[in-house]
Amino acid sequence: GGQKPGSEAKTPEEPKDPEVIKIGHAVALTGDASIWGQSESNALKMWVNKVNDQGGIDGKKIQLVTYDTRADSVEAVNVAKRMIEQDKVVAIIGAAQSGVTIAMTAVTEPAKIPLISTTATNPEVTVKDGVVRPHTFRVCFIDPFQGTVAAQFASTKLGAKTAAVLYDVGSDYSSWLAQYFIEAFEKMGGTVLGKEAFRTGELDYRAMLGKLKEGKPDVVFIPTAQKEAALAMKQARDLGYEGKFLGGDNWGSPDIIELGGSAVEGGYFVNLASLEDPDIQDFIAEYRAEYGSDPVLPNPVMAIDALIVLVEAIKKAGSTDGGAIAKAIEEIKDLEALTGKITYDPATHNPLNKPAIIQQIKDGQFIYVEKYVTS
Amino acid sequence: MLLQTAITGLAIGGIYALMAVGYSLVFSVLNFSNFAHGSVIMLGAYAGYFILTKAGASFPVALAGSMVAGAVLGITNERLAYRPLRVRNARPLYFMISAMGVAIFLENLVYATLGAHFYSYPEVLGRSIVRIGGASIGILDLFALAFSSVAITGLHLFLHRTKSGLAIRACSFDMTVASVFGVRIDRTVGLVFGLAGALAGLSGIFLGMKYMAYPTMGWITNKAYVAAVIGGLGSLPGAVIGGIVLGLLETFVSVYVSSIIRDVFSFSALVLVLLAMPNGLMGKYVEEKI
Amino acid sequence: MLAFAECIRLSKHFGGVRAVNDLSFKVDEGEILGLIGPNGAGKTTVFNLLTGFYRPTSGSMLFRGRELSGLTPPDIVGLGIARTFQNIRLFSNLSVLDNVRSVLYRHARYGFVEALLRSPRVRLCERHVHEKAMEYLEEVGLADRAHDRASHLPYGLQRKLELARALALEPVLLLLDEPAAGMNPEESMNLVELIRDIREKHNLTVILIEHHMDVVMTLSHRIVVMNFGEKLMEGSPEEVQSDVRVIEAYLGEEYAGAYRR
Amino acid sequence: MYIQGVLTVAMINIISTAGLAVFTGFTGLFSLGHAAFMAVGAYTSAILTYFVKAPYLLALAAGVLASCFLSALVGYPTLRTRLRGDYFAIATIGMGEATRVILENLKITQGARGLPGITQYTTLPVAAAAAAVVLLLARNMLASVYGRNAVAVREDAVAAEMSGIHLLRTRMISLVFSAGCAGLAGGLYAHYLAFIQPVMFTMVQSTQITAAVVCGGTGSLTGPALAAFVFTVAPELLRAAQMWRLVIYGLMLVLIMVFRPQGLMGYRDLSWQGVLSLSDRLRKSVAGGKDGKG
Amino acid sequence: MLTVDSLSVFYGRIRALDGVSVSVNEGEIVSIIGPNGAGKSTLLWTIMGVNKPSGGSLWWKGERLLPVPSWVAARGISMVPERRRLFDNLTVRENLLIGAYLRKWDASVKKDMETVFRLFPILRERLGQYAGTLSGGEQQMLAIGRAMMGRPALLLFDEPSLGLAPALASEVFRAIQRIREEGTTCLLAEQNAYKALEMADRAYVMNVGRVAIQGSGKEVLANPEVRAAYLGIKAGAS
Ligand SMILES: Nc1ncnc2c1ncn2[C@@H]1O[C@H](COP(=O)(O)OP(=O)(O)OP(=O)(O)O)[C@@H](O)[C@H]1O
Ligand SMILES: Nc1ncnc2c1ncn2[C@@H]1O[C@H](COP(=O)(O)OP(=O)(O)OP(=O)(O)O)[C@@H](O)[C@H]1O
Ligand SMILES: [Mg+2]
Ligand SMILES: [Mg+2]
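Protein sequences appear in the order of chains Y, B, V, R and X. By the numbering used here, the letter at position 187 of the first sequence is numbered 187, and the numbering carries on one by one without gaps. All you need for the numbering used here is the position in the second sequence, starting with 1, plus 1000. All you need for the numbering used here is the position in the third sequence, starting with 1, plus 2000. All you need for the numbering used here is the position in the fourth sequence, starting with 1, plus 3000. All you need for the numbering used here is the position in the fifth sequence, starting with 1, plus 4000.
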């Protein structure tokens, strides 16, 4: 309770300009997820300028309306209301978190405003109770796929027969990913020895880890945010666990290395993008030139993919009507986006064949291990 | 398994105890819940981190540094946020609110200036572990446990065996009259906050080393508050026992029942203890006289 | 015949301290019973027992035939026993008037829901409460200070306010714990008049703890003398002040006989 | 449209704040768990309208009852003694955490993901009417014997008890009333936002309610209500201060305690007359404002 | 030794003292009497530095007294406060030790404790008991004992006979005389006007914040106004 709607406006209000197409960008500029959010915002601005320089959408310029969600669902709902009711955006890019995005759909769907999430990997973002949300899309893979990739990698490449899972019940992302991993791993003949959970904000997992460690699992899957993952790995090592660690795309922050020190060395994780991906080298160079640092992947490239999808759909639809845009997105096939070709599945609003990348933490660096393209 | 659980529980409980003692100390003197204790712990953790990394100092220096930082911060808090209330003889509720304000202020100040970044301590004590019959415990935990015991015992002796300790206890009842007998109130209360702050700094550096330093880490102290209530508010031995009981309870529940509903258990324990013993485990029941 | 109130072999021990020990005495309806004894004799403890603040270690207390031990303080107030405190306990931040209004809950004859809705009956009751409170203040002579903060009253007036607050509970048995403490002889004598008037007007039975001998001896019909938690003797004021044990344990040589009339 | 949203939230915050004002300001007890009462109200009512399709008013009422029940559960063991309310304050920390654990793990609440897609029944007129009613009820309660008992217990628990006032009963009444208000606010909020999640109800939220009570004035009802309104609307106007909002809250609490413990509104802490006449005035202005905006 | 010069003290807007001048010479017992609310306690608290004067001055052996209690205490002034104000959470022993806070805790402290016990033997028996649980009279004895433990040069008594049994009140008055004989100057605010005046070398009668009458103890005791107003003795009665 007590929450106040709205957040920092990056764009002053302007009278409705027919020559401008407003696109909302809901992104975490402050808070735990701001490391990615800031970079995402930078990249998207850069890309919008690029599109506008190339003539915009059929001569109309794109105007980006950016609001901070703080990765907070309530704030995001307010942001969405504000974008729709006050700024009159035609579509929204974001948010990065599944829970936040699902919350936003409570507002965007009734208003029929297309929403393209960047990295919300939970299936329920686009499909609710088996029915697709008509105006909600994403440009990333989904958790069952990520879970499957992790499980496959564990059993085939790491040769793991047994696994244990430590996850965060306070995070929907974490709970679901844990579930998908377990299902996939067991399907592949592996045994899950134990599954323990903690709550967001807790710091001591030794009780749970002590229990998990008992069966000496080959890998421990820790699909949590980087802070918790780093702590968990440290504590597991303190308890004398010697096997391997495996994680999800949330590990992809340099933080994990700083926080985890020697304990995270050798850990593997699934990611959406990699700085070493040959397809995005041009973008990385441009970004570096503009901002003097590397983008914090994967969010920047995913947001740009979303923008590319949106521009294409608006062009195709020839209208800024939400329903028309959504329909156009459903029909997108083999669109050349930044991270590869995008084709939408109209039944799920998920992009088909999105690649997943396995990375490893080695000598304090993220190393590119391999790319999975199956779905 | 049983041994490991007990050892882990003890290690966690030891940290709770250390935090709870500092909080209980202030409670026993000024009779209010100093919710800013957690923020001082948090800043102690930051201080330790920066002394170790930015100043490149050794561990003992950092340890002393965070204790001093905690003490200074505690004293400053008292001067600015509590003393004016004290002078006015304000009700304890007002102190509590002021403390809450300090906590919110400090935590969000760090958040707004240093950001949400997590600072991880360098591995000064190494990652070595000590094995005790099949179970293992981190060297850091052992160290923290030993250090806390010394600090807590020292504090107890100080309060009950020295003149300053007696003055502190006298002030806890009636500052005006204590001053009439020559006790310098501001100094004595400052001393209390200095001690509590030093304990907070100590807790902070251990917490930081064990986990990391970040703006909201002060909330861990919530557990310490609960521990202090279970033990009996304002009783220092109670705080220690409450902390250890809570640490063990949580660990055993996590291992043998379910880690997810652990907090429900600790809360129920709190309620049950208060139902059976309204003054907590160690809160001495003195029949009030009117 | 049933005594109005009576303690039977009442004991209260605190660890090794036998504050009250095997004490028995009676109070008859309408009388003023003096309860005196050296400091620490257990007088206040008797009041604390009678009002439910302490539970007796053993023994029983009967009030109009009803056992008091085991009842909560509010229950006991409900039976018609009110008291004042040796160390004044007013609601010190409230006004004098609110101190009295605070305890006139019995005149607020309405339920919670009615209170929330502030029905006409609530208003009526509240007006009545206000009037009642003023009446009690008038009675003790505090009406003109009704809106002062209680803590701003001088000590003597605070005692009177305590008296007004106790009266407002409409007791039949009033327990006064050193009402004249801190008053000079002149003021004490005014208080004596006040207590007399009040007793008559409200038909009260009073137990009076007091160290001002002029007050006790003038007011009491009968006196119980306590020593070391036990009853040393009881009798009329005259008997008491000429009793050697009382003189030795309590009055001291100087006072002996000084208050005979 | 957007402004309406802000005002709706303001009305909801007034309700929770008025409830806490009764508890903290008049009974002198401190709670760090009012967000949990809101959560219970929000979830109970939302689940009823969402799954059972219960009528809105009925669902709200159920939410209020559920909060009341929870508060009684926590209040009983902790408010029993003659001791001050610190035990309660700490217990509410535990209760807040425990409530969230339960909400995060129940199937019906859909765990940490929360419940999206709740019907938006709460409109500005609904919220404003509710706020007006709550303020009126709170005012009436405070002006009645229940309010007086609470103040007496706050001032001197022993003297109050020895004067026949039931400590536990008095404290419980004000707690349950206060929790009921929080539950109502929660229910309204859920049906305004159309989405609820356990993380929306943390201790930080509780402290924001406390901040409003304190700034408005402990011992005043209208002051906190006004503060709740200002605290909701002001951040909308000063958008740049987002990051610093809580910093400012914290500083404000301390400064108020140090310089103006009676709160910004400057009501005398215990002036019944003042409170009554002011709440009368506010009642009129709320009623007037409602007509103007609605 | 102590000179109070036209002192004024306010509580908020209430004027509690209005130009009060009082002096105490070394070795004297000076009594102050007056009805409730006359300002006796206020005067004593102001001397101790607890209340801050808004006008006038306080002098101690030619030095100006600062309104800082611990500083005043260090000058050798101590107090038996009205209603005792003991440390209820400390034991009897600890209360006595606090009285000796400004001294070195050595053998002499032990000796002084014995002196206190000789005066009030009951305290020895209650040594380990919490002060808050003593009876009123025991508390009064402890409050006096506590003040004595500082070996003060000037001891302020605020209604020391309050709540004492008659025998004990006489005892306390005797004790005060004995304390004076041992070299401590005494300033005494009392309601028990007769006793207070009888033993006083000099006396002041206060009324609504001012000194109304002053003189030697005998003079004041003989003053018909005083006899009527404070001793309850009507003119002509004996
Ligand atoms: N709560 C308590 N704990 C321990 N001892 C107590 C308690 N209450 C009273 N006592 C002891 O019981 C004895 C009787 O105390 P009480 O207050 O009844 O005496 P009293 O007769 O009222 O004396 P006075 O006239 O001085 O007030 C005292 O010795 C006191 O120390
Ligand atoms: N804390 C206070 N705040 C406001 N007024 C006060 C305060 N203390 C005392 N007073 C007022 O100051 C005046 C002097 O009070 P003081 O206590 O000094 O009188 P006193 O002579 O000691 O009376 P008593 O014999 O009753 O103890 C009184 O009118 C009293 O109401
Ligand atoms: Mg007594
Ligand atoms: Mg006085």
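Note that beta-carbon positions come from the ideal geometry of N, C-alpha and C, so glycine has one too.
By the DSSP assignment, the beta strand (DSSP E) with residue i in it spans what residues?
i	result
X:Gly-4209	No beta strand (DSSP E) holds X:Gly-4209; DSSP gives it neither H nor E.
V:His-2013	2005-2014
Y:Thr-191	191-198
Y:Gly-340	340-342
V:Lys-2231	2230-2235
V:Lys-2026	2017-2027
V:Met-2226	2222-2227
X:Ile-4033	4029-4033
Y:Phe-378	Residue 378 of chain Y is absent from the structure shown; chain Y starts at 1 and stops at 375.
Tell me where the alpha helix (DSSP H) around residue i begins and ends.
i	result
B:Lys-1054	Where B:Lys-1054 is concerned, there is no enclosing alpha helix (DSSP H), given that its DSSP letter is neither H nor E.
Y:Cys-140	Here Y:Cys-140 belongs to no alpha helix (DSSP H), and DSSP marks it neither H nor E.
Y:Phe-283	281-291
V:Arg-1991	It is not possible to answer for residue 1991 of chain V, since the shown part of chain V is limited to 2001 through 2261.
X:Glu-4125	4121-4125
Y:Thr-162	Unbroken run through Y:Thr-162 is the beta strand (DSSP E), 162-168; no alpha helix (DSSP H).
Under the DSSP definition of a beta bridge, which residues are partnered with residue i?
i	result
X:Ser-4008	X:Asp-4018 and X:Gly-4055
Y:Tyr-268	Y:Leu-246 and Y:Gln-360
Y:Gln-63	Y:Lys-22
B:Val-1040	According to DSSP, B:Val-1040 bridges with nothing at all.
B:Val-1189	DSSP output for B:Val-1189 lists no bridge partner at all.
Y:Phe-366	Y:Ile-361
X:Leu-4156	X:Met-4079 and X:Leu-4187
Y:Trp-36	Its beta-bridge partners do not exist; DSSP assigns none.
V:Glu-2205	In the sequence as presented, Glu is not what sits at residue 2205 of chain V; that position holds Thr. Answer by DSSP bridge pairing, in chain order: V:Leu-2173.
V:Ile-2032	V:Val-2206
Y:Thr-128	Reading off the sequence shown, one finds Lys at residue 128 of chain Y, where the question assumed Thr. According to DSSP, Y:Lys-128 bridges with Y:Val-131.
Y:Lys-371	Y:Ile-357
R:Tyr-3249	For R:Tyr-3249, which the question treats as bridged, DSSP gives no partner whatsoever.
Would you please state the rounded distance, in angstroms, between the beta carbons of residue i and residue j? I believe it to be under 8 Å.
i	j	result
R:Ala-3130	R:Leu-3175	Contact doesn't hold; Cβ gap of about 20 Å is too wide.
Y:Ala-380	Y:Phe-141	Given that chain Y is displayed from residue 1 to residue 375, the structure contains no residue 380 of chain Y and the question cannot be resolved.
X:Val-4080	X:Asp-4158	6 Å
R:Gly-3096	R:Ala-3035	6 Å
B:Ala-983	B:Ala-1017	Since the first and last residues shown for chain B are 1001 and 1290, residue 983 of chain B lies out of range.
V:Ile-2223	V:Gly-2235	7 Å
V:Leu-2068	V:Leu-2050	7 Å
V:Gly-2040	X:Glu-4125	The pair is not a contact, with the Cβ atoms about 10 Å apart (cut-off 8 Å).
Report the residues of the stretch 2128-2154 of chain V with a CB closer than 7 Å to any CB of chain R, ordered along the chain.
-> none
Short-range partners of chain D found in the stretch 4089-4103 of chain X, where Cβ spacing is below 7 Å | Of the chains in the structure shown, none is chain D; the protein chains are Y, B, V, R and X.
Using a Cβ cut-off of 8 Å, which residues of the stretch 3179-3211 of chain R contact any Cβ in chain Y, in chain order?
-> Ala-3182, Ala-3185, Gly-3186, Tyr-3189, Leu-3193, Ala-3194, Phe-3195, Gln-3197, Pro-3198, Val-3199, Met-3200, Phe-3201, Gln-3205, Gln-3208 and Ile-3209
According to a CB-to-CB cut-off of less than 7 Å, which residues of the stretch 78-102 of chain Y neighbour chain R?
-> Lys-81, Arg-82, Glu-85, Gln-86, Gly-99 and Ile-102
Using Cβ-Cβ distances below 8 Å, what residues of the stretch 172-202 of chain Y are close to chain R?
-> Asp-172, Ser-175, Arg-199 and Thr-200
Taking any Cβ of chain Y, which residues in the stretch 1200-1213 of chain B have a Cβ under 9 Å from it, in chain order?
-> Leu-1207, Lys-1210, Tyr-1211 and Met-1212
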